[in-house]
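Structure, as structure tokens:
There are 2 protein chains.
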Amino acid sequence: MQPSDPLREQMIAQYDAMSAQLQQAARYVLEHPEEVALVSMREVARLAGVQPATMTRLAKFLGLPGYDELRAQHAAALRQRGDGFAAKVRQRVDEGSGRGASDTASHMLQGLSAQLAKLCEPDALRQLEGTATRLRSARKVYVLGLRSCHAVAWHFHYVMTLLGERSVHLDGPGGTGGDGLIRATSEDVLLVISIKPYAKDALELAQLAKDKGVGIVSITDSEVSPLVGMSAQTILCPTETDSFFHTLTPALAVSEVLCSLLAEFDRPQTLEALQQADEHLSHLNTYSTAIPRRQ
Amino acid sequence: MQPSDPLREQMIAQYDAMSAQLQQAARYVLEHPEEVALVSMREVARLAGVQPATMTRLAKFLGLPGYDELRAQHAAALRQRGDGFAAKVRQRVDEGSGRGASDTASHMLQGLSAQLAKLCEPDALRQLEGTATRLRSARKVYVLGLRSCHAVAWHFHYVMTLLGERSVHLDGPGGTGGDGLIRATSEDVLLVISIKPYAKDALELAQLAKDKGVGIVSITDSEVSPLVGMSAQTILCPTETDSFFHTLTPALAVSEVLCSLLAEFDRPQTLEALQQADEHLSHLNTYSTAIPRRQ
DNA sequence: ATTTTAATGATTTATTTGTTGCAAACATCT
DNA sequence: AGATGTTTGCAACAAATAAATCATTAAAAT
Numbered sequence: 107m108q109p110s111d112p113l114r115e116q117m118i119a120q121y122d123a124m125s126a127q128l129q130q131a132a133r134y135v136l137e138h139p140e141e142v143a144l145v146s147m148r149e150v151a152r153l154a155g156v157q158p159a160t161m162t163r164l165a166k167f168l169g170l171p172g173y174d175e176l177r178a179q180h181a182a183a184l185r186q187r188g189d190g191f192a193a194k195v196r197q198r199v200d201e202g203s204g205r206g207a208s209d210t211a212s213h214m215l216q217g218l219s220a221q222l223a224k225l226c227e228p229d230a231l232r233q234l235e236g237t238a239t240r241l242r243s244a245r246k247v248y249v250l251g252l253r254s255c256h257a258v259a260w261h262f263h264y265v266m267t268l269l270g271e272r273s274v275h276l277d278g279p280g281g282t283g284g285d286g287l288i289r290a291t292s293e294d295v296l297l298v299i300s301i302k303p304y305a306k307d308a309l310e311l312a313q314l315a316k317d318k319g320v321g322i323v324s325i326t327d328s329e330v331s332p333l334v335g336m337s338a339q340t341i342l343c344p345t346e347t348d349s350f351f352h353t354l355t356p357a358l359a360v361s362e363v364l365c366s367l368l369a370e371f372d373r374p375q376t377l378e379a380l381q382q383a384d385e386h387l388s389h390l391n392t393y394s395t396a397i398p399r400r401q
Numbered sequence: 107m108q109p110s111d112p113l114r115e116q117m118i119a120q121y122d123a124m125s126a127q128l129q130q131a132a133r134y135v136l137e138h139p140e141e142v143a144l145v146s147m148r149e150v151a152r153l154a155g156v157q158p159a160t161m162t163r164l165a166k167f168l169g170l171p172g173y174d175e176l177r178a179q180h181a182a183a184l185r186q187r188g189d190g191f192a193a194k195v196r197q198r199v200d201e202g203s204g205r206g207a208s209d210t211a212s213h214m215l216q217g218l219s220a221q222l223a224k225l226c227e228p229d230a231l232r233q234l235e236g237t238a239t240r241l242r243s244a245r246k247v248y249v250l251g252l253r254s255c256h257a258v259a260w261h262f263h264y265v266m267t268l269l270g271e272r273s274v275h276l277d278g279p280g281g282t283g284g285d286g287l288i289r290a291t292s293e294d295v296l297l298v299i300s301i302k303p304y305a306k307d308a309l310e311l312a313q314l315a316k317d318k319g320v321g322i323v324s325i326t327d328s329e330v331s332p333l334v335g336m337s338a339q340t341i342l343c344p345t346e347t348d349s350f351f352h353t354l355t356p357a358l359a360v361s362e363v364l365c366s367l368l369a370e371f372d373r374p375q376t377l378e379a380l381q382q383a384d385e386h387l388s389h390l391n392t393y394s395t396a397i398p399r400r401q
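Here the protein sequences line up with chains A and B, keeping their order. Residue numbers for the first sequence follow the working numbering, so the first one is 107 and each next one is one higher. Residue numbers for the second sequence follow the working numbering, so the first one is 107 and each next one is one higher.
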């Protein structure tokens, strides 16, 4: 963000030499420099998830006399930003007049940003809430998304897996994806994600599920999507870009919001489930705890 | 400076009704709003040349519960200025006076929208462009994303597959994911996506690839991500939400932008590749052409 | 001129802050 | 294994903080 902030650079440079807790503290400071300037040390520590003492230790590790100096530097940086405001705008204009790639990228990102903002409209929120409610009451949640929608389906399933064991992902090698539905009942719900062009297999599987009495909810792209007719709840999200492809970013955002709503519904249970997942994964040594040597 | 700061306007409006000391305090606050946010009340009082108690009285005079609220408001204003681009979007956040789920959803979506807007800043655009350039010149592009990042990796790979045959997805059943690298050379590039907590396997595979001379580019979440050190190009994207989970929406957006930039680079070839894909898929009868019967 | 009212200054009080010392837990290396 | 050095969490501390209280002063009204 500020390439010319010496303290920042020092933290990045010395990051590898820090202990785990120090790294966690440093990471938060790097990512939330304003907070360091604006709130108390204990509060920063709380937000960073470390002991208050660790913040002091971080300051000393960086060669500063104490935490106050750390805050002072961040405060100074924040003060300067008021002045440097004009410079930033100028920089943007310079570049904005420009050529090619950055322009395309910026335009596309702004479009996506606007699409997400649009999802905040009352209609969309109602759909989200309705769908979350329906999913909440399900015994099992089957998740189906083929081809381009695989990414969204899988991610939803992945998060739901961390949360409990109600989720079944309808996908598998050798075309066995549909087998998950063998014992599906009317107590279950199928979340199907599909956008134009709609994959035939997805529609057929959804129809099959519906015939078995499974409740259908869907994330799709249009009022006239084939999914709308067979779904008890539908969330519509935009997919258009000015590029060649349809975007799945709004759909992924929607699925993440659904996960959050479901998680938020029963916080204690969610926390317990997440802790279980943590333990399991740490036993499996899945994640890199210490940062490996840099090259 | 801030025409839409209600507290500011209130102070100006009520200025005449204040006592001499209160006016002096208010004047300083109006002229040095950053200081109010950044230093203690007593210090502000000293700088303003009034008694500490006067600052408390000023806050109460303005109808606030106490000085803390005065500082909180100035801090919030300062925070927003930092976000710059996203500020516009952020303004609406507090409007939701609401209850429950819709509120959570709306808040989260607005946050995501702001994060995408932030990616339009010059720094991020530079990273995007640099990475796209690096990917463009690669003979083959290997794509690696494990666990939560699988969704992004797979989607990138999927789109790249429609575009040509340069993409290899490093994933597979039975832990065979790394096998794709067997014939990787220094002409190739590995795109690795990983966010905290970083999957050990992903880091190890990336390191292996690097040792083979493969160029590394990455999408990750922090300056101090272990990927930064081993990558020729890195795109940083935010992952924080106020929910339990990290979001992958910005990462997906970034990957879609990368795809677009690559596609845009050679439009004729892209169009041809897409037409081929269309033909292939229509021969396979993959997509539902007619909208099936509604129920 | 005297009372009343508001404003300002000084003092006190209960919190909160940043720091430090110490013991348990941890990893590391013979 | 056992010993050693580091890292980490906890609790106690002194300093500083914001607010509440009381005393004094200045101005306004009678």
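We treat Cβ as the ideally placed atom computed from N, Cα and C, and that holds for glycine.
Fill in: Pairwise C-alpha distance: Q179 (chain A) and E329 (chain B)
Walking along the second sequence from the start, residue 329 (chain B) turns up at place 223. Walking along the first sequence from the start, residue 179 (chain A) turns up at place 73. Roughly 19 Å between the two C-alpha positions.
Worksheet item: A259 (chain B): buried (16+ other C-beta within 10 angstroms of its C-beta) or exposed?
Response: Here residue 259 (chain B) corresponds to residue number 153 of the second sequence, with the count starting at 1. Buried: at least 16 other Cβ atoms inside 10 Å.
Worksheet item: Are H263 (chain A) and V274 (chain A) touching if we call contact CB-CB under 9 Å?
Response: Numbered from 1 along the first sequence, position 157 holds the residue referred to as residue 263 (chain A). Numbered from 1 along the first sequence, position 168 holds the residue referred to as residue 274 (chain A). Yes, they are a contact pair.
Worksheet item: Taking only beta-carbon atoms, is A193 (chain A) less than 9 Å away from chain B?
Response: Locating residue 193 (chain A) in the first sequence gives position 87, where the first residue counts as 1. Because A193 (chain A) carries a pLDDT of 46, less than 50, the predicted location of this residue cannot be relied on, and no value is offered for it.
Worksheet item: With 9 Å set as the bound, which would you pick, yes or no: does the beta-carbon of E137 (chain A) sit closer than that to a beta-carbon of chain B?
Response: Counting from one through the first sequence, the residue named residue 137 (chain A) turns up at place 31. Cβ-Cβ to chain B under 9 Å: yes for E137 (chain A).
Worksheet item: How long is the line joining the alpha carbons of K166 (chain B) and A154 (chain A), rounded to whole angstroms?
Response: Your numbering for residue 166 (chain B) matches position 60 in the second sequence. Your numbering for residue 154 (chain A) matches position 48 in the first sequence. Approximately 33 Å between the Cα atoms of the pair.
Discussion item. Once the 5 residues before and after L268 (chain B) are set aside, which same chain residues still bring their CB inside 8 Å of it?
Written reply: Within the second sequence, the letter at position 162 stands for residue 268 (chain B). Answer for L268 (chain B): A379, L380 and A383, listed in chain order.
Worksheet item: Leaving out the 5 sequence neighbours to the left and right, which residues in its chain are closer than 8 Å to L309 (chain A) when beta-carbon positions are compared?
Response: Counted from its first residue, the first sequence places residue 309 (chain A) at position 203. S300, P332 and L333, listed in sequence order.
Worksheet item: Taking 9 Å as the CB-CB cut-off, is K306 (chain B) touching chain A?
Response: Against the second sequence, residue 306 (chain B) aligns to sequence position 200. Yes, because at least one Cβ of chain A sits closer than 9 Å to the Cβ of K306 (chain B).
Worksheet item: Are any of the Cβ atoms in chain B nearer than 9 Å to that of Q116 (chain A)?
Response: As a first step, residue 116 (chain A) must be located in the first sequence, where it is residue number 10. Not closer than 9 Å to any Cβ of chain B, the Cβ of Q116 (chain A) fails to qualify, so no.
Worksheet item: What's the call for A192 (chain B), buried or exposed, on a 16-neighbour Cβ count within 10 Å?
Response: The residue given as residue 192 (chain B) occupies position 86 in the second sequence. Confidence at A192 (chain B) is low in this model, with a pLDDT of 45, below 50, so the placement of that residue should be treated as unreliable; the coordinate-derived value is given next. Label assigned to A192 (chain B): buried.
Worksheet item: Could you give the distance in angstroms between the alpha-carbon of A257 (chain A) and the alpha-carbon of V249 (chain A)?
Response: Taking the first sequence and counting its residues from 1, the one referred to as residue 257 (chain A) is at position 151. Taking the first sequence and counting its residues from 1, the one referred to as residue 249 (chain A) is at position 143. Roughly 11 Å between the two C-alpha positions.
Worksheet item: Whose C-beta lies closer than 8 Å to the C-beta of L368 (chain B) among residues of the same chain, with five residues either side of it excluded?
Response: Numbered from its first residue, the second sequence carries residue 368 (chain B) at position 262. So the qualifying residues of the chain are A238, L241, R242, M266 and L269.
Discussion item. Can you confirm whether A257 (chain A), when its beta carbon is compared against all beta carbons of chain B, has any partner nearer than 9 Å?
Written reply: Mapped onto the first sequence, residue 257 (chain A) falls at position 151. With 9 Å as the cut-off, A257 (chain A) counts as an interface residue toward chain B.
Worksheet item: Cβ of M214 (chain B) less than 9 Å from any chain A Cβ?
Response: Numbered from its first residue, the second sequence carries residue 214 (chain B) at position 108. Closer than 9 Å to some Cβ of chain A, the Cβ of M214 (chain B) qualifies, so yes.
Practice prompt. Could you check how far apart the C-beta atoms of V247 (chain A) and L287 (chain A) are, in whole angstroms? I think they sit under 8 Å.
Written response: Along the first sequence, one-based indexing puts residue 247 (chain A) at 141. Along the first sequence, one-based indexing puts residue 287 (chain A) at 181. About 12 Å separates the two Cβ atoms, so there is no contact after all.
Discussion item. I'd like to know whether the C-beta of T326 (chain B) is nearer than 9 Å to at least one C-beta of chain A.
Written reply: Counting from one through the second sequence, the residue named residue 326 (chain B) turns up at place 220. Taking Cβ atoms only, chain A never reaches closer than 9 Å to T326 (chain B), which makes this a no.
Worksheet entry | Terminal residues of the alpha helix (DSSP H) in which T237 (chain A) lies | The residue given as residue 237 (chain A) occupies position 131 in the first sequence. First-last of the alpha helix (DSSP H) with T237 (chain A): P228 to R242.
Worksheet item: Nearest CA to the CA of G335 (chain A): which residue from A:D122, A:D348, A:P228 and A:S324?
Response: Position 229 of the first sequence, counting from 1, holds the residue named residue 335 (chain A). Measuring from the Cα of G335 (chain A), the nearest candidate turns out to be A:S324.
Fill in: Three-way DSSP call (helix, strand, coil) for Q339 (chain A) in this model
By one-based count along the first sequence, residue 339 (chain A) stands at place 233. Here Q339 (chain A) sits in strand by DSSP.
Fill in: Extent of the continuous alpha helix (DSSP H) to which H389 (chain A) belongs
The count along the first sequence starts at 1 and reaches residue 389 (chain A) at position 283. Its alpha helix (DSSP H) spans residues R373 to H389.
Discussion item. Need the endpoints of the alpha helix (DSSP H) that T162 (chain B) sits in, please.
Written reply: Translated into positions along the second sequence, residue 162 (chain B) becomes position 56. T162 (chain B) -> alpha helix (DSSP H) spans P158 to F167.
Worksheet item: the region 282-297 of chain B: which residues have C-beta closer than 7 Å to a C-beta of chain A, in chain order?
Response: none
Worksheet item: What residues in its chain sit with their C-beta under 8 Å from that of Q313 (chain A), if we drop five residues either side in the sequence?
Response: To locate residue 313 (chain A), count along the first sequence from 1; it is residue 207. Around Q313 (chain A): M336.
Practice prompt. State yes or no: is the beta carbon of E370 (chain B) nearer than 9 Å to at least one beta carbon in chain A?
Written response: By 1-based counting over the second sequence, the position of residue 370 (chain B) is 264. So yes, E370 (chain B) belongs to the interface.
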